[in-house]
Amino acid sequence: MLADGAGRAALGEEALAGVGLVELEAGSPAWAGQPSSDPDARALGLGPHHLANVIYTSGSTGTPKGVMVEHRGVVRLVAGSDFVAISPQDVFLNASSPTFDATTFEVWGALANGARVMLYPGRYISTSTLGRIIRDQGVTIAWMTARLFDLYVGEGRNTGSLQQLLVGGEEVSAASIKACKSRHPTLRISNGYGPTENTTFTLCYPVPAGFDGRHRVPIGRPIANTRVYVLDGHGEPVPFGAVGELYIGGAGVARGYLNRPELTAERFIASPFVEGDRLYRTGDLARYLPDGNLEFLGRIDEQVKIRGFRIEPGEVAAHLCAHAWVREAVVVAREERAGEPQLVAYVVAAQEAQEAQLAATLRAHLAGQLPDYMVPAAFVPLGALPLTVNGKLDRRALPAPQDDAYARRGYEAPRGELETVLAQLWAELLGLERVGRHDHFFELGGHSLLAVQLMERLRQRSLGVEVRALFARPVLADLAASLGSHQEVAVPANLITAHSTAITPGMLPLIGLSQAEIDRVVATVPGGLANIQDIYALSPLQEGILFHHLLASQGDPYLLVSQMAFAGRGQLERYLAAVQRVVDRHDILRTSFVWEGLSAPAQVVWRQARLEVVEVELDEAEGPAPEQLRRRFDPRGQRIDLGRAPLIRCVTAREPDSGRWLLLELQHHLIGDHTTSEVMHAEVRSVLGGRGHELAEPQPFRNLIAQARLGVGEQAHEQFFREMLSEIDGPTLPFGLGEVRGEGSGVDEALRQLPQALNDRLRQQARRLGVSVASLCHLAWAQVVARSSGREQVVFGTVLFGRMHGGTGADRAMGLFMNTLPVRLDVDGTGVEESVRRTHARLAELLTHEHAPLALAQRCSGVAAPAPLFGALLNYRHNTLAALPGVVGDDVLDGMEWLGVQERTNYPLTLSVEDWEEALGLTAQVSGPVSAERVCGYMQHALEHLAELLERSPHTPVRELEILPGQERGYLLEELNRTEAAYPSERCIHELFEAQVRRAPEAVALVHENERLSYGELNARANRLAHHLIALGVRPDQPVGICVERSAAMVVGLLAILKAGARMCRWMRRIRGRGCGRLWGRRRRGWCWPMGRGVRRWARRRSLAWGWWSWRRSRRRGPGSRHRIRVRARWAWARTIWPM
-14 MLADGAGRAA LGEEALAGVG LVELEAGSPA WAGQPSSDPD ARALGLGPHH
36 LANVIYTSGS TGTPKGVMVE HRGVVRLVAG SDFVAISPQD VFLNASSPTF
86 DATTFEVWGA LANGARVMLY PGRYISTSTL GRIIRDQGVT IAWMTARLFD
136 LYVGEGRNTG SLQQLLVGGE EVSAASIKAC KSRHPTLRIS NGYGPTENTT
186 FTLCYPVPAG FDGRHRVPIG RPIANTRVYV LDGHGEPVPF GAVGELYIGG
236 AGVARGYLNR PELTAERFIA SPFVEGDRLY RTGDLARYLP DGNLEFLGRI
286 DEQVKIRGFR IEPGEVAAHL CAHAWVREAV VVAREERAGE PQLVAYVVAA
336 QEAQEAQLAA TLRAHLAGQL PDYMVPAAFV PLGALPLTVN GKLDRRALPA
386 PQDDAYARRG YEAPRGELET VLAQLWAELL GLERVGRHDH FFELGGHSLL
436 AVQLMERLRQ RSLGVEVRAL FARPVLADLA ASLGSHQEVA VPANLITAHS
486 TAITPGMLPL IGLSQAEIDR VVATVPGGLA NIQDIYALSP LQEGILFHHL
536 LASQGDPYLL VSQMAFAGRG QLERYLAAVQ RVVDRHDILR TSFVWEGLSA
586 PAQVVWRQAR LEVVEVELDE AEGPAPEQLR RRFDPRGQRI DLGRAPLIRC
636 VTAREPDSGR WLLLELQHHL IGDHTTSEVM HAEVRSVLGG RGHELAEPQP
686 FRNLIAQARL GVGEQAHEQF FREMLSEIDG PTLPFGLGEV RGEGSGVDEA
736 LRQLPQALND RLRQQARRLG VSVASLCHLA WAQVVARSSG REQVVFGTVL
786 FGRMHGGTGA DRAMGLFMNT LPVRLDVDGT GVEESVRRTH ARLAELLTHE
836 HAPLALAQRC SGVAAPAPLF GALLNYRHNT LAALPGVVGD DVLDGMEWLG
886 VQERTNYPLT LSVEDWEEAL GLTAQVSGPV SAERVCGYMQ HALEHLAELL
936 ERSPHTPVRE LEILPGQERG YLLEELNRTE AAYPSERCIH ELFEAQVRRA
986 PEAVALVHEN ERLSYGELNA RANRLAHHLI ALGVRPDQPV GICVERSAAM
1036 VVGLLAILKA GARMCRWMRR IRGRGCGRLW GRRRRGWCWP MGRGVRRWAR
1086 RRSLAWGWWS WRRSRRRGPG SRHRIRVRAR WAWARTIWPM
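For the sequence shown, our numbering begins at -14 and goes up steadily by one.
This is how it looks when you write it as structure tokens:
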């Protein structure tokens, strides 16, 4: 610290000669005869642009950084502030460490506004004493660190006369905020955020009365005369809901770091948005919430990487705190047990928590909300989180987890040789003493990399099993039962005929079932064997859809809902009869699905399946009839029986106010895709028109199953996807959306028709480049995903037609031919035109592998299951105009109106591009904080800018493709930053205090234990000391150190240093090393105080002093020890100041 203040790399013996001391609490102070008048700031050359503090903070390297804070930054904080209301009637608590930058707010916030500052007695804070002080002294305004607040609330302490409470320093517990708010509804609680580099406070969130504690507490909006921006890695604003780095501008931004020009240039930059403004790069992650408030998501340098995935532990902790059993929680990464880094959760449990079940309960809670890789391996219960003296979390004091911290099932010893061998392998890999037969591999801390090691060790013992078996059967006993059971399946022709008297395993070439399993399947079909036409396996996409159907506890994300209206009952009956004719023609429409009790799910083609039609009554008083039907049969609450063909359910109702008949049709995605709907609609029209006999022979869906299994080999698939995805080591999750909601609940949907001029421009550019419009849309979507995920190498799902290799007639065949596969696009420095060509080529290559399983593609990436490879989906689909709502058909369908279609998927972000040949539309579905309408806006703007760049500047790097519409960009950059407010920007801090002295000199300025000082008395004492310092040679820009515990003398010293024009310096971490001891008693030109082993400091240019406080007395000895003895005789904290 001394070396930094002297502008030297180090201080030798000669540099420390000539140290002098000024004792603040001397019995007969040398300055007693000095004048009590205010020193003339202007005569000293002081102004608001001069430094007020140099506050030392510890960096990630452990080397302290001196933050140079100007007077105007502190004045902007305490004068005319909009985040706290301070009046002369307030009593302001100063309980922060004298070296903590919160003291700036607590002391000057009071003295600059005529309020009373109540100094907390003693060095260490206890909640009982704090509560007594607040109650007895009538404290009205207080600030607490987040962890101290947790303790205070958790112990049920009263808030007494407190009117305003600010909390911050770390992420605030939503549970504690909720508890305090419900206990003290009239107390105004604010969550404050701000780094030292922006003078204590930057953003503030006044907690509303109805805060429910279910989500993180926002950090709010910028305070007066402050600007904030959330930017990506290229300095561009990120869209709403996307995560970026927080940048701060405005009057509070510090000048930089003392004697650290390189670091200053790196962290303090010129603003590209406001001329003349400077921005501070905080290194903090944040995102905008829909209401314009900001949410803090942790520090960039606190992100951890677990199994290749970047994780923000604070996000996991926030989900933990949402559980009723959790009062406080913190999540950290520790290298434990098998040498692998693991997430460990430390939990302060609520009273109602059952400690024996804590780990298992909390693991289950998180597993239902977060991806597997974000669920902690261990949960450690604590009575309280360990804190530093400053009231922040002491991470080094967190204990290592013991075995009981890991979620365990009730122990039962392994049975048999296979279970015993498997248990031994698990114990070796997981670093456990024992493993029971009911233990769960992933709950014990297992993950995908360990799973691969496990598979290799099993192969060495001739116990072959596929990796996916472990994910399907992670319980030891279940996995042991499947060892060695993997089978390959042949694909000959269907051997079941109408005359078959039995079905045997040899008759099912497209699926491997035992006779018992076949009998179980036959028993599910009405009419039994005589009504079974075929049995075969599921396609890759069908398997995925079935999985998500079973995962959903309520509703079904894969139900397609369509609605029609008919002029009369006759037209409705004709339509339903035509649909039955189409069902009779196509085997996939007569297919049911069976999985219970089977080794692999099967689909069964019935020979006859009657369409189910249910008629319901509607009540005119309950709103429009179509909306009533949609509400009653909403797929978020409806499920249909997959074991009963056809997987189409029809609901009819008479519209009360018109006499029309309404039809709502539920169709499951397992039996069809977009083309299926169009083919079905066309065939119904043909039947209604009397042309049913002209329809071509339908193509059986079993052809696709054979193609998917016998087409491009698995090795070719793997080679392609490995080349494309092997470098991808983390999920691409736009807007942080990684939670898959199996039932499709909480989905926001928006539809938008693109302007005709944009449609024409895109098609013109596609023709010019010889590519499809789909390629342009994929590239535009890639930029939306890139900007909202913070990645340049993005991966998202794309829906493939699935009929390119389906054989003759596949283009008009019914069934789920489509497939979802990942596509990687790099949004980098490549020109937009070249990027379009590369996108087109990539999509063309992908078509060759359109039947590859998604699971295979993910295995070829660096993202191991069950973590998602991507969270966004693009579905480019061609439509007929009949698919548009409100379109009426020809004479065949006269009297029928198409009311619309609704479909959902389990992906948290899906965009469908609707291509109607001469028009383009967008349909967005979002399950998360960002609105679907905004997503449509981002895509439209990206397409508009892409068309513009292709027309005018085709070599522009594709990363410069903009997605933010002008209105939203202006809102983020300007509207949310309209914080300009008048404040005395031409004044210094002590001048604000002097104005209060003139206003009310007899008012009490501070209270400490039994000592009270009025504004006049405090000012007089500080003035005498200031004149003494000036007489001793203290000049502007000269650093002066102050070492004193919290007391009236501390405030006198702080004021005097300011009035003398010197610089006060603080340090915010412990000092270690021999140099600290050498400082005792060494002299150099100027004035200095001795320090202990721990030092804190205050600083300003024309500045405040260097303030240190000591944790322990220095034990080192050296020459000039009389000075050390002199100070030690008065030690509580060394009550001295020393100019340097």
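C-beta: ideal position from N, C-alpha, C; glycine also.
If you keep only unbroken beta strand (DSSP E) runs of at least 3 residues inside the segment 716 to 757, you get 733 to 738. Within the segment 374 to 428, the runs of alpha helix (DSSP H) that reach at least 4 residues and sit entirely inside it are, in chain order, 401 to 415. Per the C-alpha coordinates, the member of W883, A330, G277 and A307 positioned closest to R645 is W883. Sixteen is the threshold: when 16 or more other Cβ atoms of the shown chains lie within 10 Å of the Cβ of V636, as they do, the residue is buried. Within the segment 314 to 378, the complete alpha helix (DSSP H) segments of 4 residues or longer fall at 343 to 352, listed in chain order. With respect to the C-alpha of E640, the residue from R629, A28, A606 and A345 having the closest C-alpha is A606.
Look at P73 here: in three-state DSSP terms it is coil, with no helix or strand label.
Scanning H425, R245 and Y861 for the CA closest to the CA of A352 turns up H425.
Annotation for L648: the continuous beta strand (DSSP E) segment containing it runs W646 to H653.
Shown here, P222 sits in a strand according to DSSP, grouped into three states.
Only residues of its own chain outside the window of five on either side were considered, and among them S671 have a CB closer than 8 angstroms to the CB of E679, listed in chain order. Distance between I496 and T489, taken at the CA atoms: about 12 angstroms.
When C-beta atoms of the segment 168 to 188 are compared with those of the segment 199 to 217, three or more pairs fall below 8 angstroms, so the two segments count as touching.
With respect to L410, R444 sits apart: the two C-beta atoms are not nearer than 8 angstroms. For Y178, the enclosing beta strand (DSSP E) covers residues R173 to Y178.
In the three-state reduction of the DSSP assignment, L514 falls in the helix class, which pools H, G and I.
Counting along the chain, T805 sits inside the beta strand (DSSP E) bounded by residues N804 to D811. In this structure, DSSP gives M492 a helical state, which the three-state scheme calls helix. Excluding five sequence positions before and after A302, the CB atoms of its chain that fall closer than 6 angstroms to its own CB belong to A314, V315 and V316, given in chain order. Judged by DSSP in its simplified three-state form, I296 adopts strand.
Nearest Cα to C973 within the set V54, E600 and E960: V54. Residue state for I162 is assigned as helix, using DSSP reduced to three classes.
It is roughly 16 angstroms from the alpha-carbon of V289 to the alpha-carbon of L355. Beta-bridge pairing by DSSP links G229 to A271. In this structure D25 is exposed. Its beta-carbon is surrounded by fewer than 16 other beta-carbon atoms within 10 angstroms. Burial of V92 is indicated by the presence of at least 16 other C-beta atoms within 10 angstroms of its C-beta. For N1008 against S21, the beta-carbon gap comes to about 5 angstroms, under 8 angstroms, which counts as contact. If you look at Y190, you'll find it isn't in any alpha helix (DSSP H); it sits in the beta strand (DSSP E) that goes L188 to P191.
Distance check between R575 and each of E581, E597, F802 and C1028 places E597 closest, using alpha-carbon atoms only.
For Y109, the number of other beta carbons within 10 angstroms of its own is below 16, and it is reported as exposed. In this structure E668 is buried. Its beta-carbon is surrounded by 16 or more other beta-carbon atoms within 10 angstroms. Excluding the 5 residues flanking it on each side, A255 has same chain C-beta neighbours closer than 7 angstroms at R263, in chain order. Ranked by Cα distance from L147, the first of H350, A159, M129 and E155 is M129. Closest in C-alpha terms to A194, from the list S447, E600, L523 and H169, comes H169. Rounded to the nearest whole angstrom, the C-alpha separation of F134 and F855 is 39 angstroms. Residues of the same chain with a CB within less than 6 angstroms of the CB of A837, apart from the 5 flanking positions on each side, are H702 in chain order.
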